[in-house]
Amino acid sequence: MPDKAASAAASVQPGDPGLAGAAVTPSTRLFDRFPFNRMPFIGRQRWHLLTRRDKFVLALMVGIPLVLDIALIWGSIVVDFLWSLTDWHGNGAITGGGVGHQYVGLNNYGQLFTGTYPFFWTAALHNVFWLAFLMFVATPLGILMAVILDGHIKGMAFYRTVFYLPVVLSLALVGIIWQLQYAPDWDRGFINGTLHFFGYQVPLIKDIPFVGKWFRDVSTTDWVGGPLSIIPTVIAATWRHVGYVTILYLAGLKGFDPTLREAAAIDGANSRQTFFKVVFPVMKPINIMIVVITTIEALRAFDLAFITNGGRSPLELLSTLITNNALSESTRIGFGSAIAVILAIVSLVPIVIFLAMTMREEKK
Amino acid sequence: MADQENRAGLLSGGQVSRREILKKGLIGAAGLTVLPAVIAACSSSSTATSTPAAPVATPAGATPPPAATPAAATGKVTLGSNLSDATPKAALAAAVAAFNVANPGITVTTNTIDHNTFQTTLNTYLGATPEDVITWFSGYRMRAFADQGLFVDISDLWAGATGKLYTDAVKTACTSYDGKQYMIPFDTYAWTVYYVPSLWKAKGYTVPTTLADFKTLAAKMKNDGIVPIGLGQKDGWPAMGTFDIIDLRENGYQFHVDLMAGKNKWTDPKVANVFNVWKDLLPYYQTGAAGRNWQDAVNGLLAKTTGMMLQPQAVQVAIELEKTKPGTLADLDFFSWPGHGKGFDDEAALDAPIDGFMLAKNSPNLAADTASAKTLLAFFGLGATQGIYAKADSSLIAVASDADTSGYTALQKKQVAVIGAAKKLTQFLDRDSNPAFTGPNGMGSFLIDFLSKPDQDLTPFLAKIQAFQDSLGS
Numbered sequence: 159m160p161d162k163a164a165s166a167a168a169s170v171q172p173g174d175p176g177l178a179g180a181a182v183t184p185s186t187r188l189f190d191r192f193p194f195n196r197m198p199f200i201g202r203q204r205w206h207l208l209t210r211r212d213k214f215v216l217a218l219m220v221g222i223p224l225v226l227d228i229a230l231i232w233g234s235i236v237v238d239f240l241w242s243l244t245d246w247h248g249n250g251a252i253t254g255g256g257v258g259h260q261y262v263g264l265n266n267y268g269q270l271f272t273g274t275y276p277f278f279w280t281a282a283l284h285n286v287f288w289l290a291f292l293m294f295v296a297t298p299l300g301i302l303m304a305v306i307l308d309g310h311i312k313g314m315a316f317y318r319t320v321f322y323l324p325v326v327l328s329l330a331l332v333g334i335i336w337q338l339q340y341a342p343d344w345d346r347g348f349i350n351g352t353l354h355f356f357g358y359q360v361p362l363i364k365d366i367p368f369v370g371k372w373f374r375d376v377s378t379t380d381w382v383g384g385p386l387s388i389i390p391t392v393i394a395a396t397w398r399h400v401g402y403v404t405i406l407y408l409a410g411l412k413g414f415d416p417t418l419r420e421a422a423a424i425d426g427a428n429s430r431q432t433f434f435k436v437v438f439p440v441m442k443p444i445n446i447m448i449v450v451i452t453t454i455e456a457l458r459a460f461d462l463a464f465i466t467n468g469g470r471s472p473l474e475l476l477s478t479l480i481t482n483n484a485l486s487e488s489t490r491i492g493f494g495s496a497i498a499v500i501l502a503i504v505s506l507v508p509i510v511i512f513l514a515m516t517m518r519e520e521k522k
Numbered sequence: 013m014a015d016q017e018n019r020a021g022l023l024s025g026g027q028v029s030r031r032e033i034l035k036k037g038l039i040g041a042a043g044l045t046v047l048p049a050v051i052a053a054c055s056s057s058s059t060a061t062s063t064p065a066a067p068v069a070t071p072a073g074a075t076p077p078p079a080a081t082p083a084a085a086t087g088k089v090t091l092g093s094n095l096s097d098a099t100p101k102a103a104l105a106a107a108v109a110a111f112n113v114a115n116p117g118i119t120v121t122t123n124t125i126d127h128n129t130f131q132t133t134l135n136t137y138l139g140a141t142p143e144d145v146i147t148w149f150s151g152y153r154m155r156a157f158a159d160q161g162l163f164v165d166i167s168d169l170w171a172g173a174t175g176k177l178y179t180d181a182v183k184t185a186c187t188s189y190d191g192k193q194y195m196i197p198f199d200t201y202a203w204t205v206y207y208v209p210s211l212w213k214a215k216g217y218t219v220p221t222t223l224a225d226f227k228t229l230a231a232k233m234k235n236d237g238i239v240p241i242g243l244g245q246k247d248g249w250p251a252m253g254t255f256d257i258i259d260l261r262e263n264g265y266q267f268h269v270d271l272m273a274g275k276n277k278w279t280d281p282k283v284a285n286v287f288n289v290w291k292d293l294l295p296y297y298q299t300g301a302a303g304r305n306w307q308d309a310v311n312g313l314l315a316k317t318t319g320m321m322l323q324p325q326a327v328q329v330a331i332e333l334e335k336t337k338p339g340t341l342a343d344l345d346f347f348s349w350p351g352h353g354k355g356f357d358d359e360a361a362l363d364a365p366i367d368g369f370m371l372a373k374n375s376p377n378l379a380a381d382t383a384s385a386k387t388l389l390a391f392f393g394l395g396a397t398q399g400i401y402a403k404a405d406s407s408l409i410a411v412a413s414d415a416d417t418s419g420y421t422a423l424q425k426k427q428v429a430v431i432g433a434a435k436k437l438t439q440f441l442d443r444d445s446n447p448a449f450t451g452p453n454g455m456g457s458f459l460i461d462f463l464s465k466p467d468q469d470l471t472p473f474l475a476k477i478q479a480f481q482d483s484l485g486s
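Protein sequences, first through last, are from chains A and B.
Count the first sequence with my numbering and you get residues 159 to 522, in order.
Count the second sequence with my numbering and you get residues 13 to 486, in order.
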């Protein structure tokens, strides 16, 4: 797109030393606006775009985040890994000797993988389920919403706000909102309250032989306490995730080149074919991003389970296990760190895939 | 109270989520949108409200107790309190006000920290810059921190006047592995079965004295359309009390404490028996326990939809309801868990957890404040001070033997009688055993697992518990 290149060149500000003596007359010609022959030189005949000051600024801009990233994120991961080789209790010498202060090798990992700590595999399974549900239920739902909202519907802004509202709320708040839905007592929880209302109050329905009884029976369900409570909890997460995906996808659709759609229409594609054969493939960068974000959302799932029951059975997640071991009265810093290391390694997988794909795109 | 305010609060949840956000770094725009709100939530939870020796009026009629030391003492002491709910907070302020009357030269600065935050961050709090004196719990929950050298040995206070005010059982609850005392007891409460007498009278129910009677009564209640046994297990601990009491009645005090201490095995058939006895009672339990907090369960009891409930401090909920529904408090009573006829009924053992005060070793001011801090601890150890506290919060009672019980409510007097009649007292499952073992992803989860799947094969279930306990080392 030649227009864009020209405007990028035009955006170089006159304050730049290389442009000090450039012609003041505005010109739309690229060479006039950006006089390559007057750029600073390094060595013989090799013109260079950056002055020493530019390099310094660049070094700072790249260097500071890099140092912070290495110190705060990679440094923490390394420290975390070292802790995971101990049974440290969090105070005093880490390996000074005695229970709570010893090097235990890979013992912590052994306890996790062999099932001596039975909650680990349960939690890992819950995380996988969380991921699958977000990926195969929530994300397609979000894309569907985006496609619907992309059409010219009346009150578009209203719908968009409605779907995006949950995303603005923190997961902690989402947790509290859904607690009000799921509370087991009919006079406290909305869902059981509604079922109770149909089973006991609504004249016709309560008298239908099986239906009325069904409402009465289901109205005592313990949505967040039964063995399968991970499902209601992930539905609460879905409520938020759908809005998230919708907004991301909608932004992508807004930037979608309409001529492609027109071309598809001329070729006689129906709207479903247009979406799957034209829109979806073109949106590949957004699709990858959504997959990565969904994976990360599933791995960092924490708040809902923790708000609901502190991450106890049946809502164990890897993140709550870390909290309940390392950051609680249990004071099992070493053991909790081992779980954190595993979670960190698992988290690296989608990030690496994402980076690899992005870089490959850029090379093209 | 061990975990009573364990309702997972917005604030504490938010705090950890910030950690998550920072840790995971790579998050989408939505996370960033949320971040400021979460940080705001954090700061409001961790910034403790400081009440500098609030001149709260001492309840009328409460005479200031005699000073424990010469009133001439001057100095400062800081007090880190987890009593963040209105009633206990005001009750502690009343006790501190009484201290100020007796020791005008000593300034007490109270720092009240949200109960839940206090509990989850205690380890780092004690390792960083804690207050001089802090509120905490007895038994292993104290020992775990004392063992790490985070509390100061106060055996000298126990050797003096304070020690004479307490029974040996109380002293043991305040003693760590090294045989030294680290806690001054302040209040206690009994785990008993609460019920509403007017409902029982109307239905013709009588207090059961044997397990068979208890079951017959529960069946009768179920027939009458009443939920026989209430339970709110959301915070993870109430069902532990049921395990304790059944084990105490079926296998006796010694077996129970040895099991808790890791000397007996969970794979012992006697433990399976406890779960089997419990299983027979489960059909009479309130459904949906895991999603209900204990206060709501007590509300069901007070609303007469639930027949009875093993719970401590049900009075706290009744006090709240009394404001809108007078007469609630007067229409609440309790009885001790019935006998099981296994030869241990005479022990009349029950859970009676003790809360108290410790001296935090890492307090930056402790070197200067030790004398005044110990004066404050000795003052809290007096029956008269505890009387002021128990008067302001009638769900609990004083621990000291010289406490004036004449001003107690009927239920407080009954608690004194029940605890006095017990030949053996236990603290509570999460205070009689290693905190790492009893934590949310430990016994907290195992018991919920049992409650949601009571028909599971107990052999692998108990083997899992034993393997977990073994993996914890000491």
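Positions of the beta carbon are idealized from the N, C-alpha and C atoms, including for glycine.
Would DSSP call Gly-87 (chain B) helix, strand or coil? Residue state, collapsed to three classes: strand.
Between the beta-carbon of Leu-408 (chain A) and the beta-carbon of Leu-307 (chain A), is there less than 7 Å? Pairing Leu-408 (chain A) with Leu-307 (chain A) gives a Cβ-Cβ distance under 7 Å.
Quick test of the definition: if touching needs 3 or more C-beta pairs under 8 Å, does the region 148–167 of chain B touch the region 439–458 of chain B? In short, these stretches touch, since the Cβ pair count reaches three.
Leu-485 (chain A) versus B:Gly-117, B:Pro-452 and B:Ala-479, residue with shortest Cα-Cα distance: The candidate whose alpha carbon is nearest that of Leu-485 (chain A) is B:Pro-452.
Could you pull the start and end residues of the beta strand (DSSP E) that Ile-366 (chain B) belongs to? Under the DSSP assignment, Ile-366 (chain B) falls in the beta strand (DSSP E) whose first and last residues are 366–371.
Are there any heavy atoms of the ligand FMN lying less than 6 Å away from the beta-carbon of Met-154 (chain B), as far as the coordinates show? This structure lacks the ligand FMN; in fact it carries no ligand of any kind.
Between which two residues does the alpha helix (DSSP H) harbouring Gly-263 (chain A) extend? Here Gly-263 (chain A) belongs to no alpha helix (DSSP H), and DSSP marks it neither H nor E.
Alpha carbon to alpha carbon, how far is Asp-222 (chain A) from Ile-231 (chain A)? Checking the displayed sequence, the identity of residue 222 (chain A) turns out to be Ile instead of Asp. Computed Cα separation, rounded: 13 Å.
Beta-carbon within less than 7 Å of Val-376 (chain A)'s beta-carbon, same chain only, minus the 5 sequence neighbours each way: which residues are those? Correct list, in chain order: Leu-353.
Local conformation of Gly-172 (chain B) per DSSP, three classes: Three-state DSSP puts Gly-172 (chain B) in coil, outside helix and strand.
Taking the C-alpha atoms as reference points, what is the distance between Leu-506 (chain A) and Asn-467 (chain A)? Taking the straight line from one Cα to the other gives about 28 Å.
Based on the DSSP output, what are the partners of Ser-93 (chain B) in its beta bridges? The beta-bridge partner set that DSSP reports for Ser-93 (chain B) consists of B:Thr-124.
Indicate whether at least one CB of chain B lies closer than 7 Å to the CB of Thr-377 (chain A). Checking the sequence, you will find Ser at residue 377 (chain A) rather than Thr. No, Ser-377 (chain A) does not count as interfacial toward chain B.
Burial state of Glu-262 (chain B), where buried means 16 or more other Cβ atoms lie within 10 Å: When all chains shown are included, Glu-262 (chain B) counts as buried.
Does Phe-524 (chain A) get closer than 7 Å to chain B when you measure Cβ to Cβ? Since the first residue of chain A shown is 159 and the last is 522, residue 524 (chain A) is not available in this structure.
Please look up how many angstroms separate the CB atoms of Trp-381 (chain A) and Gly-248 (chain B), rounded, as I've assumed it's under 8 Å. With a beta-carbon spacing of about 17 Å, Trp-381 (chain A) and Gly-248 (chain B) fall beyond the 8 Å limit used to define contacts.
So, at 7 Å on beta carbons, what are the nonlocal neighbours of Ile-491 (chain A) in its own chain, with the 5 sequence-adjacent residues on each side left out? Excluding positions up to five away in sequence, the list reads Trp-241, Trp-246, His-247, Gly-248 and Ala-484.
Between the C-alpha atoms of Ala-181 (chain A) and Arg-210 (chain A), what's the straight-line distance to the nearest angstrom? With a pLDDT of 44 at Ala-181 (chain A), under the threshold of 50, the modelled position of this residue cannot be trusted, and the question is left open.
Only counting runs of 4 or more residues, tell me where the alpha helix (DSSP H) segments fall wholly within the region 461–521 of chain A, in order along the chain. Fully contained in the region 461–521 of chain A are the following alpha helix (DSSP H) runs of length 4 or more, in chain order: 461–467, 476–484 and 491–521.
For Phe-440 (chain B), which three-state DSSP category applies? DSSP places Phe-440 (chain B) in coil when its eight states are reduced to three.
Measure the alpha-carbon distance for Ala-402 (chain B) versus Ile-409 (chain B) and round it to whole angstroms. C-alpha separation (whole angstroms): 5 Å.
How about Ala-181 (chain B) and Leu-437 (chain B): are their beta carbons less than 7 Å apart? Using a Cβ distance threshold of 7 Å, Ala-181 (chain B) and Leu-437 (chain B) count as a contacting pair.
Using a threshold of 7 Å, state whether the C-beta atoms of Phe-321 (chain A) and Thr-453 (chain A) are closer than that. No, the pair does not count as a contact, with Cβ atoms beyond the cut-off.
Ala-410 (chain B) by DSSP, collapsed to three states: which one? Strand.
How about Leu-476 (chain A): is its C-beta nearer than 7 Å to some C-beta of chain B? By the rule that beta-carbons nearer than 7 Å mark a contact, Leu-476 (chain A) does not touch chain B.
Strictly below 8 Å CB to CB, what residues from chain A border Gly-248 (chain B)? Those are Asn-467, Gly-468 and Arg-470, listed as they occur along chain A.
Whether or not the region 319–335 of chain A and the region 288–295 of chain B are in contact is what I'm after, with contact meaning three or more pairs of Cβ atoms, one per stretch, closer than 8 Å; do they touch? Taking 8 Å as the limit for Cβ pairs, the verdict is that the region 319–335 of chain A does not touch the region 288–295 of chain B.
Out of B:Gly-351, B:Met-320, B:Gly-319 and B:Ala-315, which has the shortest C-alpha to C-alpha gap to Glu-334 (chain B)? Taking Glu-334 (chain B) as reference, the option from B:Gly-351, B:Met-320, B:Gly-319 and B:Ala-315 with the minimal CA-CA separation is B:Ala-315.
Any idea which residues DSSP pairs Pro-197 (chain B) with across the strands? Answer is B:Gly-368, bridged to Pro-197 (chain B).
Under the assumption that Leu-344 (chain B) contacts Trp-203 (chain B) (Cβ atoms under 8 Å), give the Cβ distance between them as a whole number of angstroms. About 16 Å; that fails the 8 Å criterion.
Taking contact to mean 3 or more Cβ pairs, one atom from each stretch, closer than 8 Å, check whether the region 170–181 of chain B and the region 384–396 of chain B are in contact. Touching, yes.
Quick one: what's got a C-beta closer than 6 Å to Thr-379 (chain A)'s C-beta in the same chain, skipping five residues either side? Nothing meets the Cβ criterion.
Given a threshold of 16 other Cβ atoms within 10 Å of its Cβ, counted over all protein chains shown, does Ala-229 (chain A) qualify as buried or as exposed? Ala-229 (chain A) comes out exposed.
Looking only at its chain, what residues have a beta carbon closer than 8 Å to the beta carbon of Ala-65 (chain B), apart from the 5 residues adjacent to it on each side? No answer about Ala-65 (chain B) holds up, because its pLDDT of 40 lies below 50 and its placement is not dependable.
Can you find a CB in chain A that lies within less than 7 Å of the CB of Ala-479 (chain B)? Judged by the 7 Å Cβ criterion, Ala-479 (chain B) is in contact with chain A.
Three-state secondary structure (DSSP) at Ala-60 (chain B)? With a pLDDT of 34 at Ala-60 (chain B), under the threshold of 50, the modelled position of that residue is not reliable, and the figure given next carries that caveat. In the structure shown, Ala-60 (chain B) sits in coil (DSSP, three-state: anything other than H, G, I, E or B).
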